[in-house]
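For the sequence shown, position 129 matches number 134 in full-length UniProt numbering, and the numbering has no gaps at all.
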Amino acid sequence: TVAPVVVAIDGPAGSGKSSVSKAVARRLGYGFLDTGAAYRALAWLALDRGADTESAASVVALLDDFDYSIGTDPDGYSVRVGEDDVTEAIREPRVAAVVSAVARVPEVRAHLVAMFRSIAAAVDRPGIVIEGRDITTIVAPDAPVRILLTADETVRMARRSAELTDLAADSVGRALAERDRADARVVDFLNAADGVTTVDSTHLDFNRTVDAVITVIEEAST
Ligand code: CDP
Ligand code: CDP
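What follows is the structure in structure tokens.
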């Protein structure tokens, strides 16, 4: 069998990575892998076990029985940890608040990177769109298509806030900016690495962003 084609997409929170990657995967008949979901699921497990998320050793100790699974179908994927369906729970603000601390632990990153590569290799489709923060640089640096999806911070915050009530919007915006700053100290997803194409969605609506990504993919395959 031929290895699936990898489309690697990185970017900050609210740049449109997940929604755009999903739509691109759907258009191409590819699989879709949201890598942030795994960091969130491990953070959820830490909270569930009452582990100290600020202690690297406590977080590393969880890896042994981190029984994680995620579907790669862009039309409805679910996330499980052991017997628990955590698809919704990992989106809660209490998880977002501790995920950066979990994600900065080197052993965690090594463990999850290996996991992402085996999930991608096993996908039963001609390709897979993988999105996160270090896909273009660490997880799949040899991918034939590598894209950094960006948008100005105010636009990214506004997009996330549009999903929420006015009251929640402000604090979520601030929490998001804070999380980006913490994450950027660990992996650089604000600057495109060599050979990575930047797609700036600041002035593009959702459909145009999907088209722009498809264009980059088409250009890479000609
Ligand atoms: O969708 P959103 O931008 O809110 O975040 P996410 O993609 O669900 O990622 C959640 C968290 O996981 C990020 O804030 C990072 O701390 C971590 N992450 C990472 O370190 N490396 C990745 N490849 C993906 C996510
Ligand atoms: O995964 P990430 O945090 O990068 O972003 P997302 O959750 O995919 O997108 C955040 C919101 O922005 C979603 O509601 C998208 O529909 C929206 N979006 C937009 O309004 N315009 C774009 N060009 C891209 C995304």
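The beta carbon of each residue, even a glycine, is placed where N, CA and C say it ideally should be.
Next on the checklist: Taking DSSP's pairing of strands, which residues face Asp205 in a bridge?
Outcome noted: Thr155
Item to check | Leu52 (DSSP reduced to helix, strand or coil) | outcome: Looking at Leu52 - three-state DSSP - the assignment turns out to be helix.
Checklist entry - Roughly how many angstroms lie between the CA atoms of His208 and Glu88, to the nearest whole one? => result 42 Å
Item to check | Ranges of the alpha helix (DSSP H) found wholly within the stretch 70-140, counting only runs of at least 4 | outcome: 98-108, 111-126
Next on the checklist: Given 7 Å as the limit, tell me if Gly178 has its C-beta closer than that to any heavy atom belonging to ligand 4.
Outcome noted: Looking at this structure, you won't find ligand 4 anywhere; what it does contain is ligand 1 and ligand 2.
Checklist entry - Expressed to the nearest angstrom, what Euclidean distance is found between the alpha-carbon atoms of Val84 and Ser23? => result 14 Å
Next on the checklist: Looking at ligand 1, does it come within less than 7 Å of Ala18, judged from the CB to the closest heavy atom?
Outcome noted: Yes.
Checklist entry - Counting along the chain, where does the beta strand (DSSP E) carrying Asp15 start and finish? => result 10-15
Next on the checklist: For Val215 and Val25, what's the separation of their Cα atoms in angstroms?
Outcome noted: 6 Å
Next on the checklist: Within 8 Å, do at least three Cβ pairs link the stretch 133-148 to the stretch 116-125?
Outcome noted: The answer is yes - the stretch 133-148 touches the stretch 116-125, with three or more Cβ pairs under 8 Å.
Checklist entry - Just checking, does the stretch 37-46 make contact with the stretch 56-67 on the three C-beta pairs under 8 Å criterion? => result no
Checklist entry - At what residues does the beta strand (DSSP E) containing Asp39 begin and finish? => result 36-39
Next on the checklist: Is Asp210 a contact residue of ligand 2, with contact defined as CB to any heavy atom under 7 Å?
Outcome noted: yes
Next on the checklist: Going by DSSP in three states, Val150 sits in which element: helix, strand or coil?
Outcome noted: strand
Item to check | Nearest candidate by alpha-carbon position, reference Val192, set Arg138, Met162, Ala225 | outcome: Arg138
Item to check | Closest by C-alpha distance to Val91, when choosing among Thr155, Tyr44, Ala167 | outcome: Tyr44
Next on the checklist: ligand 2 and Gly36: does any heavy atom of the ligand fall closer than 7 Å to the residue's C-beta?
Outcome noted: no
Next on the checklist: Could you tell me the alpha carbon to alpha carbon distance between Val221 and Pro149, rounded to whole angstroms?
Outcome noted: 11 Å
Next on the checklist: For Glu183 and Val177, what's the separation of their Cα atoms in angstroms?
Outcome noted: 10 Å
Item to check | Residue interval of the alpha helix (DSSP H) (run including Leu215) | outcome: One detail in the question is off: residue 215 reads as Val in this sequence, not Leu. From DSSP, the alpha helix (DSSP H) with Val215 extends over 211-225.
Next on the checklist: Could you compute how far the alpha carbon of Thr202 sits from the alpha carbon of Arg151?
Outcome noted: 6 Å
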